[in-house]
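Working notes, structure below.
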């Protein structure tokens with residue numbers, strides 16, 4: 001399943017890495033593309049969108 005989220009708080013590559021790590025803590029096999037310029041995060045995962053969003057909020061990057 002592919003999930004696309006907008007994360008306004010993602011400002012740099014460190015933010016993108018933090019987001020990637022938050023997703024991979026739920027699904028180590030997830031494929032994550034996070035682009036600080038567009039604020040878009042594309043995630044290919046088997047984990048529910050709700051769980052992904054909760055992980056991002058916990059990491060300090062709430063999606064809209």
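Numbering (full-length UniProt numbering), first residue to last: 1 to 64. C-beta: ideal position from N, C-alpha, C; glycine also. None of the values given here were measured: they were computed from a predicted structure.
query	result
Alpha-carbon spacing of residue 25 relative to residue 19, whole angstroms	10 angstroms
Cβ-based burial, residue 8 [other Cβ within 10 Å; buried from 16]	exposed
Inter-residue Cα distance where the pair is residue 55 and residue 21	10 angstroms
Three-state secondary structure assigned by DSSP to residue 50	helix
Spatial distance of residue 37 from residue 17 (CA atoms)	14 angstroms
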